[in-house]
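Letter by letter, the sequence shown follows residues 239 to 780 of my numbering. Quick reminder that beta carbons are idealized off the backbone N, C-alpha and C, glycines included. What you are looking at is a predicted structure, and each value in this text was computed from that prediction instead of being measured. Written below as structure tokens is the structure these notes are about.
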Amino acid sequence: ALSKNLEEAVARSGLVTAQAVGAQDAATAAIGTYISCLRHAMEDEAMSPEEKTEQWQSVREALAARDRAVHEASQAQRVAQEEVVKLQGLVEEARGTAAPAAAPRLQAAGSSVRRMLSELQGGSSRVEAAQTEARLVSQYQEMAERAKEEFRQELESIVPGWQGRGDALGLPGDLNKEELNALLLHAHRRTEQLRRELAERQALEEHRLVLAREQQRTVDQRGLEEALATALHQQRQELVVAQQRKIEELKDAMEMEMRTQLRRATAAHSDHLQEALKLQAFELGNSHKKELTDKMVEQDLMFRREILDQRDSFTQDINKAFAQVHGIRNAVDGLAEREEIAKKAHSLWLAGEALRTALAEAGPDGPDGPCVPLAKHVDAARAVLAESEFAQVVTGAVPSESRERGVYSLEALRHRFRSVRRLARRVALIDETRNSLYQYFLSYVQTFIAKFPTLTLKPPAEGVAVEELGDAFRVLAYAAFCLEHGDLEQAARFVTALRGEARRVADSWLHEARLTLETRQAIALLTAHASAVGLAATHAQP
């Protein structure tokens, strides 16, 4: 009965909704016809009075047809909304009382309700938009008539009695020169005034259009949120119905399973009771044979005890043998694993030494000689150490410039530093605030007349900050001393302390020194890791 009533309600609501949408479309068409007739009547001026009268009569007929169509559409929409609301109430009531099997029908009915409401809302929006356009056209027609009347009154005030002596177009035919000049002046002023008003109205209308768009966007957003909330509520109800249906199905299945388990337990208990009764009857029937069977039972127990003892002894022997075999196997596997680790560590150490040798041979013979790229050596090391994640990370840390171009050796960096030191001493007085041509000249002259430290000078203790070492001459002397003693890292720290033009002169050398240091660090890490892995594998041997 519920399914039948629901289907009838859906069919009835669908019929009245279709009729309402048709009435709304007819109202929209009638409004469009009225707008078209009104525009033609306003725009067609070159017509006889009889034709103009007939044209306005058609406008009045279109207006009456529009009013009838809008009224019929409003009535049809009201009836359709009442039917859809009734259907929605019936669906809500059925969801609370219907069985889980009726959930698909209720879901389909809910979808039909949402579709009908959407169609009615769309038709109402179309009718409202058409009515808005009709109101705008009517307001335009009224404003045009008012403007014509005001123009006639202005002409009457400028040229009194012009209507009685006008031509077919309504303009005076026997104007003198003064009247004609007055008309032209008034027309010019009126044209300027209308232009200003048109510009103001255009700006105002653009502002109003922006506000209207914002309001419409707000209304659309609100409608979308309401529709989304309605859809979410409907979907939530559908999910609740589906969940209840699933719970009922699981409840039925659990009851069936419980009944099956109870029947099995009852049958098993009955079988157990029968077996117990049979055993008891057998024991009671054979109680008189107990004295005869005691000795046989005792002998049987002794025999079984001996069998169990022998079985336990044999099992212990088997377990001991198995433990020995397992220990031998673990020892062999551990030895093989340690040998494999030692081989990998040796390969890793050889790769590090190969990279160290390649780094020593990669530098140029002189300060201006070409470098030898390290890419093939790094790639060869990565290929050999493909299974070592640490080695892959370390070789990947080698700078790309060192791979593609190569790095300078310590001797080449010493040669280059001599040139850099000479240029830096010449521009030692130049910084961000003193960079005139006169300062360049003084800085150049200072290299010949000023007293400064020797070319190499032992740096101070490590506790002194690099920024507190003094002028550029002393810093360059410290860096040269470190280079002569092979401490490239400390020399780079001193060069970093340079400021102004001296630092800019030394930037290229500092960049090459950093490349060499980074490459050395990567190779040192690779070799240290290889030594650590090999040492761990050696100490792990028994």
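Cβ-based burial, residue i [other Cβ within 10 Å; buried from 16]
i: Y272; result: buried
i: L276; result: buried
i: E388; result: exposed
i: I761; result: buried
i: T757; result: buried
i: T498; result: exposed
i: G361; result: buried
i: A367; result: exposed
i: V702; result: Per-residue confidence for V702 stands at a pLDDT of 48, beneath the threshold of 50, marking its modelled position as unreliable; no derived number is given.
i: A406; result: Because A406 sits at a pLDDT of 39, beneath the cut-off of 50, its placement in the model cannot be relied upon, and the following sentence gives the value as read from the coordinates. Per the 10 Å Cβ criterion, exposed.
i: G402; result: Model confidence at G402 stands at a pLDDT of 45, short of 50, so the residue's coordinates are unreliable; what they give is reported in the following sentence. Its Cβ having fewer than 16 others within 10 Å, G402 is exposed.
i: R659; result: buried
i: K523; result: A small fix is needed here, since residue 523 is Gly in this sequence, not Lys. Exposed, because fewer than 16 other Cβ atoms sit within 10 Å of the Cβ of G523.
i: S251; result: buried
i: Q473; result: exposed
i: R353; result: exposed
i: L593; result: buried
i: F520; result: exposed
i: A743; result: For clarity, residue 743 is Val in the given sequence; the question names Ala instead. So V743 counts as buried.
i: Q262; result: buried
i: A372; result: buried
Sub-8 Å separation of residue i and residue j beta-carbons
i: L764; j: V616; result: no
i: L355; j: V322; result: yes
i: Q293; j: H278; result: yes
i: A268; j: A303; result: yes
i: T255; j: R364; result: no
i: L374; j: A318; result: no
i: A718; j: F655; result: yes
i: L748; j: L651; result: no
i: A751; j: L726; result: yes
i: L325; j: V351; result: yes
i: A730; j: L755; result: yes
i: G348; j: E487; result: no
i: A662; j: L736; result: yes
i: G644; j: P611; result: yes
i: M280; j: A385; result: no
i: A613; j: E591; result: no
Cutoff 8 Å; reference residue i; Cβ partners in own chain excluding five residues on either side
i: W587; result: T765, A768, S769 and G772
i: A264; result: A307, E310 and A311
i: H507; result: none
Element boundaries [alpha helix (DSSP H), containing residue i]
i: H653; result: L648 to R664
i: L726; result: L726 to T734
i: G634; result: E627 to G634
i: L721; result: A710 to E722
i: R641; result: S638 to E642
Cβ-based neighbour list, residue i, same chain, cut-off 6 Å, excluding 5 preceding and 5 following
i: L328; result: A247
i: V259; result: E357 and G361
i: Q728; result: C720
i: P637; result: L753 and E756
i: V733; result: A717, A744 and L748
Own chain residues within Cβ distance below 7 Å of residue i, not counting five before or after
i: L244; result: L328, A332, R343 and A347
i: E639; result: L753
i: G408; result: In this predicted model, G408 has a pLDDT of only 46, less than 50, meaning its place in the structure is not dependable; the value taken from the coordinates is given anyway. Excluding residues within five positions, none has a Cβ falling inside 7 Å.
beta-carbon residue i near the ligand ZN non-hydrogen atom, thresh 7 Å
i: R594; result: Here there are no bound small molecules, and the ligand ZN is not part of this structure.
Cutoff 8 Å: residue i Cβ touching any chain E Cβ
i: S769; result: The chain labelled as chain E is not found in the depicted structure, where only one protein chain is given.
field: Completely contained alpha helix (DSSP H) runs for the stretch 510–584, where each covers 4 or more residues
entry: none
Sequence ranges, beta strand (DSSP E) only - wholly within the stretch 450–512, length at least 3: none
message: I'd like the ranges of any alpha helix (DSSP H) spanning at least 4 consecutive residues and lying wholly in the stretch 242–281.
response: none
field: Runs of alpha helix (DSSP H) wholly within the stretch 319–399 (minimum 4 residues, chain order)
entry: 341–396
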